[in-house]
Amino acid sequence: MTMTRLIRSELRKLTTTKMPWAFLAVLAVLAGINAIAVIAGTDMDGSKAFIATEADQQSLMAFAANALAIAGLFGAIGVAREYGHHTVVPTFLASPRRYRAVLAQLGAIAVSGGVLGLVGAGLTAAAVAFSLPTTDYGFLVSAGNVTQVLAASAFAGAAGAVLGAGIGSLVRNVGGAVTGAVLALFIAPPLVVQLASDTASWMPSILANVVSGVGNEVSQPAAVAAIAAWAVVPAAIGLIAVQRRDVV
Amino acid sequence: MIPPEVQHPLVIEHLTKRYGDHTVVDDLSFTVEPGRVTGFLGPNGSGKSTTMKMMLDLATADRGRATIGGQRYRELEDPARTVGAMIESDAFHPGRSGRNHLRILADATGIPHRRVDEILEEVGLTDAARRHAGAYSLGMRQRLGLATALLGGPPVLILDEPGNGLDPEGIRTLRDRLRAQASGGGTVFVSSHLLAEVEQLTDDVIVINDGRLVTQGSLAELQRAASLVRTTDPGRLAVVLEQAGAATEAHGPDSLIVRGMPIDEIGERAFTTGIALHELSPQAGSLEELFLNWTTTPSVDQEAIQR
Numbered sequence: 001m002t003m004t005r006l007i008r009s010e011l012r013k014l015t016t017t018k019m020p021w022a023f024l025a026v027l028a029v030l031a032g033i034n035a036i037a038v039i040a041g042t043d044m045d046g047s048k049a050f051i052a053t054e055a056d057q058q059s060l061m062a063f064a065a066n067a068l069a070i071a072g073l074f075g076a077i078g079v080a081r082e083y084g085h086h087t088v089v090p091t092f093l094a095s096p097r098r099y100r101a102v103l104a105q106l107g108a109i110a111v112s113g114g115v116l117g118l119v120g121a122g123l124t125a126a127a128v129a130f131s132l133p134t135t136d137y138g139f140l141v142s143a144g145n146v147t148q149v150l151a152a153s154a155f156a157g158a159a160g161a162v163l164g165a166g167i168g169s170l171v172r173n174v175g176g177a178v179t180g181a182v183l184a185l186f187i188a189p190p191l192v193v194q195l196a197s198d199t200a201s202w203m204p205s206i207l208a209n210v211v212s213g214v215g216n217e218v219s220q221p222a223a224v225a226a227i228a229a230w231a232v233v234p235a236a237i238g239l240i241a242v243q244r245r246d247v248v
Numbered sequence: 249m250i251p252p253e254v255q256h257p258l259v260i261e262h263l264t265k266r267y268g269d270h271t272v273v274d275d276l277s278f279t280v281e282p283g284r285v286t287g288f289l290g291p292n293g294s295g296k297s298t299t300m301k302m303m304l305d306l307a308t309a310d311r312g313r314a315t316i317g318g319q320r321y322r323e324l325e326d327p328a329r330t331v332g333a334m335i336e337s338d339a340f341h342p343g344r345s346g347r348n349h350l351r352i353l354a355d356a357t358g359i360p361h362r363r364v365d366e367i368l369e370e371v372g373l374t375d376a377a378r379r380h381a382g383a384y385s386l387g388m389r390q391r392l393g394l395a396t397a398l399l400g401g402p403p404v405l406i407l408d409e410p411g412n413g414l415d416p417e418g419i420r421t422l423r424d425r426l427r428a429q430a431s432g433g434g435t436v437f438v439s440s441h442l443l444a445e446v447e448q449l450t451d452d453v454i455v456i457n458d459g460r461l462v463t464q465g466s467l468a469e470l471q472r473a474a475s476l477v478r479t480t481d482p483g484r485l486a487v488v489l490e491q492a493g494a495a496t497e498a499h500g501p502d503s504l505i506v507r508g509m510p511i512d513e514i515g516e517r518a519f520t521t522g523i524a525l526h527e528l529s530p531q532a533g534s535l536e537e538l539f540l541n542w543t544t545t546p547s548v549d550q551e552a553i554q555r
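In order, the protein sequence lines correspond to chains Y and D.
Okay, so the first sequence: first residue is 1 according to our numbering, each after it adds one.
Okay, so the second sequence: first residue is 249 according to our numbering, each after it adds one.
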């Protein structure tokens, strides 16, 4: 009962500012870019081979890696601004057992990230589907594969948001949290791969493609578990830090 | 009226907080009684806010403990309905409306949303309820902070500088609200650096400086806790009284202001040491005068003050 109330409260926090609309606008822009790519884009030889097969189209629609990154920023900002604006103070006064409040926050962030991922994948799939008739190719992706792309994006969005939330609760200011999320998702992975090439298959964007069905570097269950680990580790560290630190 | 058996005294015992080498709160002990409005006074940086944060488990004490009705804040069954707190006056998202800010807290604590509208009405924010809190004036933000504290109808109020930015009408509303809360058996603990406001608002005061207790007690008694002594030998009398634990200050060429010692004891000590007195009378001071004395002179024997 307490957790349900806290999650409802956290969801209201996330939906009563303009932040979700800004992220939805980004998703719409990305979908538009995909539509333009389908309508106007060509391969090096001038053909449209990049949308010629089901695998090509599914690859174009695979939104999970984007969902992970975008939701990561969403989670980082969503949590860090709580500290920046001190709204975490009434939250922890209402729920002095802080782990409950943090778990509720992570739950709400995960749901929101999942929705962002799903909406992003849906918009992208719709953009591809509605722009294909302007080409010589029809929509070739099976319903099952569309479902996989949508589910993978929702999962990656939820995981990315939790990862970002963990960074946000550690860094506690929006600028720092965004920088941390960018470092974790965009800058650190290629650097790590340069140092240890065997790790390439375990980087977030590669794992997201595996879950979306457009990569096979690792097995699907392993990819799901690894993405979950990418999310849970910073979130757990953040939870421990919040428990131990003074709030203000 | 809150029955005495469920009233909530605030008990602070040996509370200590250090940040690195700096001791912000140093072995602080005091009790805030229900049924009275207690002011928490101290210069900027004296440890008032840190003490309040430790009372509310927002900061962890290095030593000692703070209890509310015998329990730590985190142990309270229903904290939002037990303690209303205002610690950060700007603890809201500027892009969120005042009403939504309160609804979020109502959701978290299971308080019905109709209570949000009631409390907005009570603090005079109904017309601004749908506006973004970032567009509120300082006084309106204070009202929103007060509404946050009052939302659960708690018997205990812990308010950090609640009068900041309030206009005279707002101050009067605050005073009436706090007075009503205390007269109903509630516990009201209010920090402030506005001495005139404290004089209007509070029954008791607790004064700290550099994280240590300087004095505590009924404001009226403390204001009477000084005596004017006119004598032929103020220098020798000052030494005698200070050796006995009083604090003295020169008041003209032949007079002393003596604090921390009952007036009859001053007379007895002067008599036994053979110092003639030409006048010995109670000296009522303004709170500002007392505050400056408490926070700028070396600490006075606390037991002597309480006598």
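C-beta: ideal position from N, C-alpha, C; glycine also.
Only a predicted model underlies this, so the values are computations on that prediction, with no experimental measurement involved.
Please list the partners that T355(D) has in chain Y, where partner means a Cβ-to-Cβ separation under 7 Å. Note that residue 355(D) is Asp in the sequence shown here, rather than Thr. Within 7 Å Cβ-Cβ: R5, R8, S9, R12.
Taking contact to mean at least 3 C-beta pairs separated by less than 8 Å, is the segment 203-220 of chain Y in contact with the segment 174-190 of chain Y? Inter-segment contact for the segment 203-220 of chain Y and the segment 174-190 of chain Y is present: three or more beta-carbon pairs are separated by less than 8 Å.
Mapping the DSSP letters down to three states, classify D458(D) as helix, strand or coil. Look at D458(D) here: in three-state DSSP terms it is coil, with no helix or strand label.
Output needed for P234(Y): all residues of its chain with C-beta closer than 6 Å, excluding positions within five of it in sequence on either side, in chain order. Residues of the same chain with a CB within less than 6 Å of the CB of P234(Y), apart from the 5 flanking positions on each side, are L163, G166, I167 in chain order.
Please report the straight-line C-alpha distance between N145(Y) and G157(Y), rounded to a whole angstrom. Each residue's Cα considered, the two are about 18 Å apart.
Measure how close the beta-carbons of N403(D) and T330(D) come, nearest whole angstrom, since I'm counting them as under 8 Å. The residue you asked about is not Asn; residue 403(D) is Pro in the sequence shown. Contact holds; Cβ gap of about 7 Å.
Whether A62(Y) touches V232(Y) by CB criterion (7 Å): No, Cβ-Cβ distance for A62(Y) and V232(Y) is not below 7 Å.
Only counting the same chain, and skipping five residues up and downstream in sequence, which positions put a Cβ closer than 7 Å to that of A228(Y)? Cβ neighbours of A228(Y) beyond the five flanking positions: A159.
Less than 7 Å separating the beta-carbons of A328(D) and T357(D)? Yes, these two residues count as a Cβ contact at 7 Å.
Assuming T450(D) contacts V462(D) under a Cβ cut-off of 8 Å, what Cβ separation, rounded to an integer in Å, is found between them? Contact check for T450(D) and V462(D): beta-carbon distance about 16 Å, past the 8 Å limit, so the pair fails to qualify.
Contacts that A328(D) makes with chain Y (C-beta to C-beta distance below 8 Å): Within chain Y, the residues whose beta carbon sits less than 8 Å from that of A328(D) are L93, A94, listed in sequence order.
Show which residues of chain D have a CB atom less than 7 Å away from the CB atom of P90(Y). Per Cβ cutoff of 7 Å: A339, L353, T396.
Using a Cβ-Cβ cut-off of 8 Å (strictly less than) and excluding sequence neighbours within five positions of Y321(D), which residues of its own chain qualify? The beta carbon of Y321(D) is closer than 8 Å to those of M303, L304, D305, A314, P327, V331 in its chain, skipping five residues each way along the sequence.
Checking contacts by CB at 7 Å: is T87(Y) closer than that to chain D? Under the 7 Å criterion on CB atoms, T87(Y) is classed as interfacial with respect to chain D.
Hey, which unbroken runs of the alpha helix (DSSP H) at 4 residues or more fall wholly within the segment 340-418 of chain D? For the segment 340-418 of chain D, whole alpha helix (DSSP H) runs of length 4 or above, ordered along the chain, are 346-357, 361-370, 386-398.
Going along the chain, which unbroken runs of the alpha helix (DSSP H) with 4 or more residues stay wholly within the segment 450-527 of chain D? List check, alpha helix (DSSP H) in window: 467-471, 482-491, 511-520.
Contiguous alpha helix (DSSP H) assignments of at least 4 residues, all confined to the segment 121-192 of chain Y: Runs of alpha helix (DSSP H) with 4 or more residues, each lying fully within the segment 121-192 of chain Y, are found at 143-171, 174-182, listed in chain order.
Indicate whether G75(Y) and I109(Y) have their beta-carbon atoms separated by less than 7 Å. The Cβ atoms of G75(Y) and I109(Y) sit closer than 7 Å to each other.
By DSSP, does I250(D) sit in helix, in strand, or in coil? In the three-state DSSP reduction, I250(D) falls in the coil class, being neither helix nor strand.
Straight-line gap, Y99(Y) to M3(Y) (C-alpha atoms, nearest Å): Between Y99(Y) and M3(Y), the C-alpha separation is close to 11 Å.
Is V111(Y) close to chain D, meaning its C-beta is less than 7 Å from at least one C-beta of that chain? False, the Cβ-Cβ gap to chain D never drops below 7 Å.
S529(D), buried or exposed, once every other Cβ within 10 Å from all chains shown has been counted against 16: Answer is exposed; the Cβ neighbour count stays below 16.
Quick one: is P282(D) buried, meaning 16 or more other Cβ sit within 10 Å of its Cβ, or exposed? By the 10 Å Cβ count, P282(D) comes out buried.
Thinking just about the alpha-carbon of each residue, which of Q319(D), K265(D), G268(D) is nearest to the one in H256(D)? Checked all of Q319(D), K265(D), G268(D); the closest Cα to H256(D) is Q319(D).
Nearest CA to the CA of E490(D): which residue from T479(D), G508(D), A468(D), S503(D)? Between E490(D) and the set T479(D), G508(D), A468(D), S503(D), the nearest pair of CA atoms involves G508(D).
R391(D) CB to nearest chain Y CB: under 7 Å? Not flagged as an interface residue toward chain Y: R391(D), since no C-beta distance is shorter than 7 Å.
Under the three-state DSSP convention, the category R8(Y) falls into: Reduced to three states, the DSSP call for R8(Y) is helix.
Give every residue of the same chain whose Cβ lies closer than 6 Å to the Cβ of D415(D), excluding the five residues on either side of it in the sequence, and list them in chain order. Cβ within range, chain order: G387.
Nearest to A125(Y) (by Cα), restricted to the options T42(Y), K18(Y), Q58(Y): For A125(Y), the nearest C-alpha among the options comes from Q58(Y).
According to a CB-to-CB cut-off of less than 8 Å, which residues of the segment 405-432 of chain D neighbour chain Y? Here the close residues number zero.
Counting only C-beta atoms, is T134(Y) closer than 7 Å to chain D at any point? It does not: the Cβ of T134(Y) has no partner Cβ on chain D nearer than 7 Å.
Check whether chain D comes within 7 Å of T15(Y), counting only Cβ atoms and requiring the distance to be less than that. No, because no Cβ of chain D sits closer than 7 Å to the Cβ of T15(Y).
Within 10 Å of its beta-carbon, does G346(D) have 16 or more other beta-carbons around it, so buried, or fewer, so exposed? Classified as buried, G346(D) has 16 or more neighbouring CB atoms from the shown chains inside 10 Å of its CB.
Chain Y contacts made by the segment 293-310 of chain D, where a contact means CB separation under 8 Å: Per Cβ criterion, the list reads K301, L304, D305, L306, A307, T308.
Taking only beta-carbon atoms, is I335(D) less than 7 Å away from chain Y? Output row for I335(D): interface = yes.
Can we say the segment 441-456 of chain D touches the segment 270-289 of chain D, given the rule of at least three CB pairs closer than 8 Å? Yes, since at least three Cβ pairs between the segment 441-456 of chain D and the segment 270-289 of chain D fall closer than 8 Å, the two stretches touch.
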